[in-house]
Amino acid sequence: MGKYRNIAVIYGSDSSEWEVSCRSGEFVASRIDGSEYNVYEIFARFGKWSLVSYRRINSMRVIIPEQERPQIDKTDFSVTAGGEKVKFDFAYIMQHGTPGENGLIQGYFEMLSVPFSSCSSFVSAMTFDKFSCKNYLRDMDCVKCADDMFIRKGGVPDSGIASDAVKRLGLPMFVKPTDGGSSFGVTKVKTEEDFMPALDLAFSEGKTVLAEASVTGREITCAVYFNGREPEALPVIEIVTDHEFFDYDAKYNGFSHEICPAELPRETFSYVQDVSRKIYGRLGCSGVVRMDYILSEDGLYFLEVNTIPGMTAASLVPKMVRTAGLDMTEFLTTLIENSGYNK
1 MGKYRNIAVI YGSDSSEWEV SCRSGEFVAS RIDGSEYNVY EIFARFGKWS LVSYRRINSM
61 RVIIPEQERP QIDKTDFSVT AGGEKVKFDF AYIMQHGTPG ENGLIQGYFE MLSVPFSSCS
121 SFVSAMTFDK FSCKNYLRDM DCVKCADDMF IRKGGVPDSG IASDAVKRLG LPMFVKPTDG
181 GSSFGVTKVK TEEDFMPALD LAFSEGKTVL AEASVTGREI TCAVYFNGRE PEALPVIEIV
241 TDHEFFDYDA KYNGFSHEIC PAELPRETFS YVQDVSRKIY GRLGCSGVVR MDYILSEDGL
301 YFLEVNTIPG MTAASLVPKM VRTAGLDMTE FLTTLIENSG YNK
């Protein structure tokens with residue numbers, strides 16, 4: 001018997017990633033060990049939390065019709081359904097974007113002393129901001145960070161900003177929200193004239209933007225989790241796409257393929273795993289966290305950290321888990337039972 005009995009899987013979000021979040025959450029809920037835990041699926045969007053389904057130990061999943069879904073009592077993180085009140089022991093957070101990755105929901109659970117699957121509120125907030133996270137890691141001698149430029153909405157006059165960015169970062173460059181995911185609002189800018197439309201698109205996703213020099217190389221990714229003894233790195237994946245970059249369409253609509261394990265020299269493969277473990281420790285991460293890189297001729301460039309990585313059947317972390325020869329249900333049990341690491 002594990003530490004917990006009633007597991008709430010929370011998905012949906014207030015950001016553009018809410019549909020992907022639902023797919024990830026449904027996948028996780030379906031793979032949690034039904035012989036050990038009662039599993040409850042909660043859809044949460046714009047402050048409204050409702051119970052979508054439940055699966056009691058050794059029972060079938062029961063889907064609740066939308067018009068009959070009970071609301072979650074957020075004063076104590078519980079639900080009353082069929083005359084029975086259930087208080088959740090553990091929150092498995094699968095909300096991509098706001099509020100699942102920026103520390104807001106983690107802060108809520110910390111106030112209630114409810115254990116949860118992801119990084120702490122502080123670490124989540126820091127890593128969600130790409131600019132802040134890069135600057136925190138920039139002095140690590142094992143990984144490089146591309147030159148960048150931080151832009152706040154309303155904080156910089158429009159005139160001259162495009163030419164200034166080109167002078168500082170060169171072309172092509174990437175313009176992206178500092179706190180977005182799934183490549184929403186990201187543009188590869190090839191000419192100075194393309195900069196302002198790219199900036200407007202990025203601002204449609206948030207109030208702060210990162211303009212970043214483009215680095216030529218192979219896009220790779222590696223995830224790390226705490227296995228109960230120490231942080232363990234999963235196999236490295238190389239991402240190959242015919243698109244300009246690994247955008248939303250490439251990620252979720254079949255316009256990319258992943259090579260897992262990545263076809264790298266053994267020393268390079270191990271180095272990427274070692275760097276990922278170091279970043280996991282440096283940031284104080286918990287749960288499963290994915291780090292994205294560009295492997296260039298002049299070194300390994302850090303792109304970003306994903307503290308709530310995608311967990312659909314086709315997502316990168318489940319592919320890493322399968323390649324490592326691990327069972328997904330056992331992997332999720334490990335994450336749940338060791339969720340207190342680094343908190």
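In terms of the UniProt record's numbering, the sequence shown opens at residue 1 and continues consecutively. Even for Gly, the Cβ is constructed at its ideal location relative to N, Cα and C.
Helix, strand or coil, according to DSSP, for residue i in the structure here?
{"i": "E232", "result": "strand"}
{"i": "F197", "result": "Here residue 197 is Pro; the residue named in the question, Phe, does not match the sequence. The answer is helix: DSSP assigns P197 an H, G or I state."}
{"i": "I308", "result": "coil"}
{"i": "M126", "result": "helix"}
{"i": "N338", "result": "coil"}
{"i": "S113", "result": "coil"}
{"i": "C222", "result": "strand"}
{"i": "T187", "result": "strand"}
{"i": "E238", "result": "strand"}
{"i": "R138", "result": "coil"}
{"i": "R5", "result": "coil"}
{"i": "G107", "result": "helix"}
{"i": "L264", "result": "coil"}
{"i": "D164", "result": "helix"}
{"i": "L300", "result": "strand"}
{"i": "S270", "result": "helix"}
{"i": "L295", "result": "strand"}
{"i": "R69", "result": "coil"}
In chain order, what residues of the same chain lie with their CB nearer than 6 Å to the CB of residue i, ignoring the 5 residues before and after it?
{"i": "K144", "result": "G299, Y301"}
{"i": "D148", "result": "L210, E212"}
{"i": "I151", "result": "V209"}
{"i": "G103", "result": "S121, S124, A125"}
{"i": "M140", "result": "none"}
{"i": "K153", "result": "F203, K207"}
{"i": "K134", "result": "C145"}
{"i": "R69", "result": "S50, L51"}
{"i": "G25", "result": "V9, Y11, M94"}
{"i": "residue 359", "result": "Nothing can be reported for residue 359: it is not among the residues displayed for the chain, which extend from 1 to 343."}
Tell me, to the nearest whole angstrom, how far the beta carbon of residue i is from that of residue j; I am working on the premise that it is less than 8 Å.
{"i": "E192", "j": "S163", "result": "6 Å"}
{"i": "residue 363", "j": "I57", "result": "Past the boundaries of the shown model lies residue 363; the chain is included only from 1 to 343, so the question cannot be answered."}
{"i": "V305", "j": "V289", "result": "6 Å"}
{"i": "S50", "j": "Q67", "result": "Incorrect: roughly 10 Å between the Cβ atoms, too far for contact."}
{"i": "A91", "j": "V114", "result": "6 Å"}
Could you name the residues of the same chain whose beta carbon sits closer than 7 Å to that of residue i, not counting the 5 residues immediately before and after it, in chain order?
{"i": "G12", "result": "W18, S21, C22, F43, A44, R45, Q95"}
{"i": "L201", "result": "G185, T187"}
{"i": "K343", "result": "S120, S286"}
{"i": "K321", "result": "The sequence as given places Val at residue 321; Lys does not occur at that position. Here the set comprises L234, M328, F331."}
{"i": "R138", "result": "C145"}
{"i": "A313", "result": "F27"}
{"i": "I93", "result": "I10, G100, I105, F116, S117, S118, I308"}
{"i": "V240", "result": "S256, H257, I259"}
{"i": "S276", "result": "C222, V224, A233, M291"}
When the Cα of residue i is compared with those of the options, which residue comes out closest?
{"i": "A262", "options": "D14, S24, K319, Y225", "result": "K319"}
{"i": "residue 375", "options": "S256, P70, R229", "result": "This structure does not reach residue 375, given that the chain is present from 1 up to 343, and the question cannot be answered."}
{"i": "T307", "options": "D129, I161, L112, V114", "result": "D129"}
{"i": "P309", "options": "V224, R322, E238, R229", "result": "V224"}
{"i": "A29", "options": "V52, R138, S16", "result": "V52"}
{"i": "P231", "options": "I57, L112, I279", "result": "I279"}
{"i": "S78", "options": "I7, Y37, D14, S35", "result": "I7"}
{"i": "D292", "options": "E238, G325, L326", "result": "E238"}
{"i": "Y4", "options": "I32, S16, S15", "result": "I32"}
{"i": "T75", "options": "R55, L112, Y54", "result": "L112"}
{"i": "T127", "options": "I259, G281, E337, A324", "result": "G281"}
{"i": "E337", "options": "R277, G284, R229, G107", "result": "R229"}
{"i": "F269", "options": "E110, C222, A198, F226", "result": "C222"}
{"i": "D89", "options": "G97, Q71, E110", "result": "E110"}
{"i": "G170", "options": "W49, F195, C142, P177", "result": "F195"}
{"i": "L264", "options": "G217, R168, I64, G284", "result": "G217"}
{"i": "V236", "options": "C260, V275, F226", "result": "C260"}
{"i": "R55", "options": "I64, G47, K48", "result": "I64"}
{"i": "R61", "options": "P172, K48, V166, S35", "result": "S35"}
Can you check DSSP and say which residues form a bridge with residue i?
{"i": "M321", "result": "Before going on, a small fix: residue 321 reads as Val here, not Met. Per DSSP, none; premise fails for V321."}
{"i": "M94", "result": "None, per the DSSP bridge assignment."}
{"i": "A44", "result": "W49"}
{"i": "A314", "result": "BP columns for A314 are empty, so no partner."}
{"i": "R277", "result": "Answer by DSSP bridge pairing: none, since R277 is not bridged."}
{"i": "A29", "result": "Its beta-bridge partners do not exist; DSSP assigns none."}
{"i": "T80", "result": "K85"}
{"i": "N58", "result": "In DSSP, N58 forms no bridge with anything."}
{"i": "I64", "result": "DSSP output for I64 lists no bridge partner at all."}
{"i": "F174", "result": "K188, E212"}
{"i": "D148", "result": "E212"}
{"i": "S13", "result": "Bridge partners of S13: none, in fact."}
Is the shortest distance between the beta-carbon of residue i and the beta-carbons of chain B less than 9 Å?
{"i": "N58", "result": "Absence of chain B from the displayed structure is noted, only one protein chain being present."}
Go through its chain and collect everything with a Cβ distance to residue i's Cβ below 8 Å, but skip five positions before and after it.
{"i": "V215", "result": "A146, I294, S296, Y301"}
{"i": "A198", "result": "V175, T187, V189"}
{"i": "T98", "result": "S13, D14, S15, L104, D179"}
{"i": "V317", "result": "A223, L234, V288, R290, P309, G310, M311"}
{"i": "D158", "result": "M196"}
{"i": "R266", "result": "none"}
{"i": "K85", "result": "S78, V79"}
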